[in-house]
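**Student:** Got a structure for you, written out below as structure tokens; questions coming shortly.
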């Protein structure tokens, strides 16, 4: 998932000087895309990656200059050359990266904390970094989908939903700007707290999903059994449904192994617009859960990519792989 979540989660631990490195433009193909970022601290530590390991050491050297004078700079790396002395080093990235290094001063730190607050509240945030015609950083502004604005004052009228791609562009014929839309972590609502749910919760959390675990059995559904779950909801299907307030951005997996409970939960959510709905078990069982008839295309049954998986861990991998595929395509499923 986005590197920014790793950085934001450790903001309060950052001591001393640090630099935020952000890919603002990619020509050709690259390991990471526009908007990817990493933090470089003056003690040599880092959070996140911008390449497969080709650039990070040189970026740390370049960060030293930013530490000294506090001036943001853009550096360009040509990854196309595969000679031993070139950045690509045979990695096959075949792209040119333009990376902005900016010092994390008090103002930027405050803005990052505000960004974290918005994302934690489920609010998308549009970031605009304005440059002059010589590509010197002039200002950084933030606009949330719910109407919050912070950072430097932006001279543009902004509609957050107008921007879905990151990159360099011009707004209202002014000087270049880097635009990036930060989105909250996608939620995975997992109905069923059996033993086979444990690797799925663990992997989904590691990948970057906000995992909400739901089950009617307190002996199963608790933090001791599922330390990686962000939210634990104990209750029967109707109680759970009223608490989670599903949105079109949510991912849902049903795997309680209790036919009647699965049927109750499915009947409550099957008319909601979702990003993903998967049901564990054979298709025949899903047909019975639905009361007969064909399984709608927007329901993944059996859930998970067909990789020949065996056992709870491999099945969990196949489910997360399918969710990532849907996430990258940004599709929404559900009854019309």
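Numbering (my numbering), first residue to last: -3 to 332.
We put the beta carbon where it would ideally sit given N, CA and C, even for glycine.
Buried or exposed for residue 296, please, with buried defined as at least 16 other CB atoms from any protein chain shown within 10 angstroms of its CB.
**Tutor:** Buried.
**Student:** Whose C-beta lies closer than 8 Å to the C-beta of residue 140 among residues of the same chain, with five residues either side of it excluded?
**Tutor:** 114, 119, 120, 121, 122, 156.
**Student:** Taking residue 364 as the reference, give the member of 227, 218, 247, 212 with the closest Cα.
**Tutor:** Nothing in the structure corresponds to residue 364, since the chain is present only between -3 and 332.
**Student:** Ignore the nearest five residues each way along the sequence and tell me which others in residue 265's own chain have a CB closer than 8 Å to its CB.
**Tutor:** Excluding positions up to five away in sequence, the list reads 237, 242, 248, 273.
**Student:** If you count every other CB in all the chains shown that lies within 10 Å of the CB of residue 324, and 16 or more means buried, which is it?
**Tutor:** Result: exposed.
**Student:** Would residue 221 and residue 189 qualify as a contact pair, given that the criterion is a beta-carbon distance under 8 Å?
**Tutor:** Yes, the Cβ-Cβ distance between residue 221 and residue 189 is below 8 Å.
**Student:** Out of 279, 233, 39, 133, state which residue places its alpha-carbon closest to the alpha-carbon of residue 257.
**Tutor:** Nearest of 279, 233, 39, 133 to residue 257, Cα basis: 233.
**Student:** What residues in its chain sit with their C-beta under 8 Å from that of residue 226, if we drop five residues either side in the sequence?
**Tutor:** Here the set comprises 201, 206, 207, 208.
**Student:** Restricting to Cα atoms, I'd like to know which of -1, 271, 267, 182 is closest to residue 286.
**Tutor:** When each option's Cα is compared against that of residue 286, the closest is 267.
**Student:** Report the three-state DSSP secondary structure of residue 74 (helix, strand or coil).
**Tutor:** Strand, per DSSP.
**Student:** On the premise that residue 173 lies in contact with residue 95, defined as a C-beta separation below 8 Å, what is that separation, rounded to the nearest angstrom?
**Tutor:** No, residue 95 and residue 173 are not in contact; Cβ-Cβ is about 16 Å, not under 8 Å.
**Student:** Starting from residue 98, trace the beta strand (DSSP E) in both directions and tell me its first and last residue.
**Tutor:** From DSSP, the beta strand (DSSP E) with residue 98 extends over 91 to 99.
**Student:** Starting from residue 198 and walking both ways along the alpha helix (DSSP H), at which residues does that stretch end?
**Tutor:** Per DSSP, residue 198 belongs to the alpha helix (DSSP H) from 193 to 203.
**Student:** Taking only the alpha-carbon atoms, compute the straight-line gap between residue 33 and residue 100 and give it to the nearest angstrom.
**Tutor:** Cα-Cα distance, rounded: 13 Å.
**Student:** How long is the line joining the alpha carbons of residue 117 and residue 180, rounded to whole angstroms?
**Tutor:** Computed Cα separation, rounded: 8 Å.
**Student:** Count the other CB atoms within 10 Å of the CB of residue 145; is the residue buried (16 or more) or exposed (fewer)?
**Tutor:** Under this definition residue 145 is an exposed residue.
**Student:** Residue 15 lies in the beta strand (DSSP E); which residues open and close that run?
**Tutor:** 14 to 24 is the span of the beta strand (DSSP E), which, as asked, contains residue 15.
**Student:** Looking only at DSSP bridge pairs, what is residue 105 linked to?
**Tutor:** Looking at the DSSP assignment, residue 105 forms no beta bridge with any residue, so it has no partner.
**Student:** Which word fits residue 86, buried or exposed, when buried means at least 16 other C-beta atoms lie within 10 angstroms of its C-beta?
**Tutor:** The pLDDT assigned to residue 86 is 45, lower than 50, so where the model puts this residue is not dependable; a value taken from the coordinates is nonetheless given after this. Label assigned to residue 86: exposed.
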